[in-house]
Amino acid sequence: MTRPSWDVPIEQLLRELTPLVLGTVVRRFRDFAAAEDAVQEASLAAAQDWPRQGLPENPRAWLTQVAFRRMADHFRSESARRRRESEVALEAAYAPDSTAIETAPQEDDTLVLLFMCCHPALTPASAIALTLRAVGGLTTAEIARAFLVPEATMAQRISRAKQSIKNSGIPFQLPTSEERAQRLRAVLHVLYLIFNEGYTSSVGPELRRSDLTQEALRLTRIVHNLQPNDTEAAGLLALMLLTDARRRARASAAGELIPLAQQDRALWDRQQIAEGVALLSATLPKGSVGPYQLQAAIAAVHDEASRAEDTDWPQILALYDLLGRMSDNPVVRLNHAIAAAMVHGAAKGLELLDTLKLDDRLADHHRMDAVRAHLLERAGDRAGAVRHYRAAAGKTGSLPERNYLLTQAARLSSELGPMSEQE
Amino acid sequence: MKFILMMGMKAGKESMSKGIMSWPKQDIQAHIGFMMAFNKQLKEAGELVSAEGLAWPDQAKLVRAGEDGIPITDGVFPESKEFLIGYWIIDVESPERAYQVAARASSAPGPGGAPLNMPIEVRQVMSGPPEELQ
Amino acid sequence: MKYMLLMTGTKADFDWYARWPKQDLQAHFAFMHAFSMELKDSGAFVAAEGLAFPDQAKLVRAGSDGTPITDGVFPEAKEFLAGYWIVDVESPEEAYKIAARASAAPHPPRHGPGGPAENQPIEVRQVMSGPPEELL
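Residue numbers (this note's numbering), protein chains in the order written: chain R, 1 to 423; chain A, 1 to 134; chain Y, 1 to 136.
In structure tokens:
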């Protein structure tokens, strides 16, 4: 169904306003799940009415009034036990003019919403879906498309996530200062997951999922602006900018993956790299260095090399050493092994990999085989590399990655000659 | 993570004569009812991506490209061939959850209402995003 | 009318595929990519998926208490589903034409250089919109 062109600005306006309205409604009625439903309904009503009747004087107040009325309907249909609460709510709903509607500052509410949607009690998938819906203002259909599931499935996920929040009694307020740091970590983690999902999926012409990277960048910018002293929020933003800067070089037109070492660096977004580097340079001296800042620094070192062979690997290794001390992430350890190999030789990298064999999280993981293959190739053990590239191909869940790994095995295999067929 | 859960059947004369077509009507309806409730549960859990049933194996065709690209169709399959008759694609947090769902599908009722205990093949669907190859 | 086009292979077939020379692999990837694009452009495309290799396959049954019993053992000759397309077309003949296109995907000679180059057979099955009529 095609929409008239004037709907596009309305859609954008709704996307900006609905999270703000949601904040106001939750703040007033203290029922996140019902508020989210009410705001969704108000948004749908606006999408239908505004194109026909023109934009209201105060679109935000319009949405808020409609949502308040929906909330009143919701409470009215509750059982008699809740009568007392309903009366309070009804009074609030029928406030005579829009000035009686609290419009709490945008900043506080967005952050509170983020804390709520990224609560550690939720599964990552739920937190992601809820954040995109309630804070990102994406429609359920848009989120469903981004994750390649039917709309009904995504609607259910969001509904269940809202129910979890209701059941766990998470209050609509900023976390206490003791919890603040940990809760902010949780928010940043969800935003990182959204970015990663979008970035690594945007291979080939299937660009729809790059919307997720844009959304992650937008929300992370908001967090950074609201918490300018949080160095990890700045670090995450820098990491996203520096990683996303490479998006045009990471896949061929046919959708084949191109690793960092072989990317055409002329396709990298130099402006975005400059922005990321500037942000990082302003953040690191604050002295509160964390994992996102370190990952951003590593990305910056890569991005600043005009050719792969100019990469400052000793600097990267030093950064991975630091990162390894603060983060137990197994992928970090794998990347550390690669960096060690680039500086001290493949044997050193392979040694480090052997120490990782005992890590349950990595033992059967395709990345382990892929990195080992890469290092074995550098060490001159082509047959071993072929074996491990094929093993990795059999374990990965991503088609572009499997294709890439099989291609590497094939490349090496042909260099070996017919004997390799015995592998 | 996305997984496909596949339900198969053999199409040989013996399998067909003992198959669902020969059950009492209420057992057939109980089976269909189970499947519909099962799908509904998956939908409500936000895990269902798709569920499809295929036409009977006797209508299956095997198609090859002929020398000039024109399709060569054939309806003959080995007696022992296992045909896909239905599948689910689910999006779940872990392989263990996928096996749980498959076990439930496997317990669909058959003749006399007893669980069929059909073997369900479970495999990952290659739709995951690639990881950073830095 | 919706049809499922199935591409299958034995374990041996998958092992063979994993050992194709680089240019054959790349030609295959390019073909599959172009084929999906064609189907999308023609409006026939509903879905397409590739599946993990058979090594990953598990056979699951319900144990007596409902807990899953998993098993990774399959007969040597078993045909595993490698991938499929779902297409929406006006007639079975349209589905067969599309299947023939898929069947013509390039591949290296099967039994060493110079061997017969048989096209991959594609199984075509109609997708039902509800339980088969015979059951109702």
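For every residue, glycine included, the Cβ atom is placed at its ideal position computed from N, Cα and C. For clarity, every value in this text was computed on a predicted model and none was experimentally measured.
Local conformation of residue i per DSSP, three classes
i	result
Gln124 (chain A)	strand
Leu352 (chain R)	helix
Ala47 (chain Y)	strand
Val92 (chain A)	coil
Leu236 (chain R)	helix
Ala62 (chain Y)	strand
Ser252 (chain R)	coil
Gly9 (chain Y)	strand
Leu14 (chain R)	helix
Leu148 (chain R)	coil
Glu79 (chain A)	coil
Gly137 (chain R)	coil
Gly46 (chain A)	coil
Pro57 (chain A)	helix
Arg246 (chain R)	coil
Thr407 (chain R)	helix
Ser281 (chain R)	helix
Trp16 (chain Y)	helix
His344 (chain R)	helix
Glu415 (chain R)	helix
Arg3 (chain R)	Note that Arg3 (chain R) scores 45 on pLDDT, short of 50, meaning its location in the model is unreliable and no value can be drawn from it.
Ala104 (chain Y)	coil
His302 (chain R)	helix
Glu38 (chain Y)	helix
Phe74 (chain Y)	coil
Asn329 (chain R)	coil
Beta-bridge partners of residue i, as assigned by DSSP
i	result
Tyr389 (chain R)	Beta-bridge pairing links Tyr389 (chain R) to no other residue.
Lys286 (chain R)	According to DSSP, which records beta bridges pairwise, Lys286 (chain R) is partnered with nothing at all.
Arg125 (chain Y)	Y:Met4
Tyr87 (chain A)	A:Met6 and A:Glu52
Ser22 (chain A)	Ser22 (chain A) is not bridged to any residue.
Pro115 (chain A)	A:Pro109
Ser398 (chain R)	A:Ser127
Leu257 (chain R)	R:Ala251
Assigned exposure category for residue i - 16 Cβ within 10 Å defines buried
i	result
Thr123 (chain R)	exposed
Leu114 (chain R)	buried
Asn403 (chain R)	buried
Lys430 (chain R)	Residue 430 (chain R) lies beyond the range of chain R shown here (1 to 423); nothing can be said about it.
Gln65 (chain R)	buried
Arg125 (chain Y)	buried
Ala426 (chain R)	Within the shown structure, residues of chain R are numbered from 1 to 423, placing residue 426 (chain R) beyond reach of any answer.
Asn119 (chain Y)	buried
Ala105 (chain A)	buried
Leu174 (chain R)	exposed
Pro171 (chain R)	exposed
Asn225 (chain R)	exposed
Met1 (chain Y)	exposed
Continuous beta strand (DSSP E) stretch holding residue i: start and end
i	result
Pro71 (chain A)	Pro71 to Asp74
Val63 (chain A)	Lys61 to Ala65
Thr70 (chain Y)	Pro68 to Asp71
Where the alpha helix (DSSP H) through residue i begins and ends
i	result
Ala67 (chain R)	Pro59 to Arg76
Ala370 (chain R)	His366 to Ala379
Ala82 (chain Y)	Premise fails: Ala82 (chain Y) lies in the beta strand (DSSP E), Phe80 to Asp88, not in any alpha helix (DSSP H).
Leu132 (chain R)	Pro124 to Ala134
Leu267 (chain R)	Premise fails: Leu267 (chain R) is in no alpha helix (DSSP H) and is neither H nor E.
Asn196 (chain R)	Ser177 to Ser201
Met136 (chain A)	Residue 136 (chain A) is absent from the structure shown; chain A starts at 1 and stops at 134.
Gln173 (chain R)	Run containing Gln173 (chain R): none; DSSP gives neither H nor E here.
Asp310 (chain R)	Segment: none, Asp310 (chain R) is in no alpha helix (DSSP H) and carries neither H nor E.
Ala46 (chain R)	Phe32 to Gln53
Ala363 (chain R)	Asp360 to Ala363
Neighbour flag for residue i against chain C, beta carbons, 8 Å
i	result
Thr123 (chain R)	Looking for chain C here will not work: the only protein chains present are R, A and Y.
- Query: Using a beta-carbon distance cut-off of less than 7 Å, what residues from the region 371 to 385 of chain R approach chain Y?
  - Reply: The residues in question: there are none.
Members of the region 139 to 159 of chain R that neighbour chain A once the beta carbon cut-off is set at 9 Å: Those residues of the region 139 to 159 of chain R that come within reach of chain A (Cβ to Cβ, closer than 9 Å) are Phe147, Leu148, Val149, Pro150, Ala152, Thr153, Met154, Ala155, Gln156, Arg157, Ile158 and Ser159.
Residues of the region 43 to 69 of chain Y in Cβ contact with chain R at a cutoff of 8 Å, in chain order, please.
Going along the region 43 to 69 of chain Y in chain order, one finds Gly50, Ala52, Phe53, Asp55 and Gln56 with a Cβ nearer than 8 Å to chain R.
Margin query: Along the region 46 to 71 of chain A, where does the CB come closer than 9 Å to a CB of chain R? Name the residues.
Written below: For the region 46 to 71 of chain A, which is checked against every Cβ of chain R, the residues closer than 9 Å are Gly46, Glu47, Leu48, Val49 and Ser50.
Margin query: Using a Cβ-Cβ cutoff of 9 Å, what residues of the region 392 to 403 of chain R are near chain A? List them in chain order.
Written below: Answer set for the region 392 to 403 of chain R: Thr396, Gly397, Ser398, Leu399, Pro400, Glu401 and Arg402.
Problem - Residues in the region 21 to 33 of chain Y having any Cβ partner in chain R nearer than 7 Å - result: Residues Pro21, Lys22, Leu25, Gln26, Phe29, Ala30 and His33.
Quiz prompt | Proximal residues, the region 95 to 128 of chain A versus chain R, C-beta separation under 9 Å | solution = Here the close residues are Gln124, Val125, Met126, Ser127 and Gly128.
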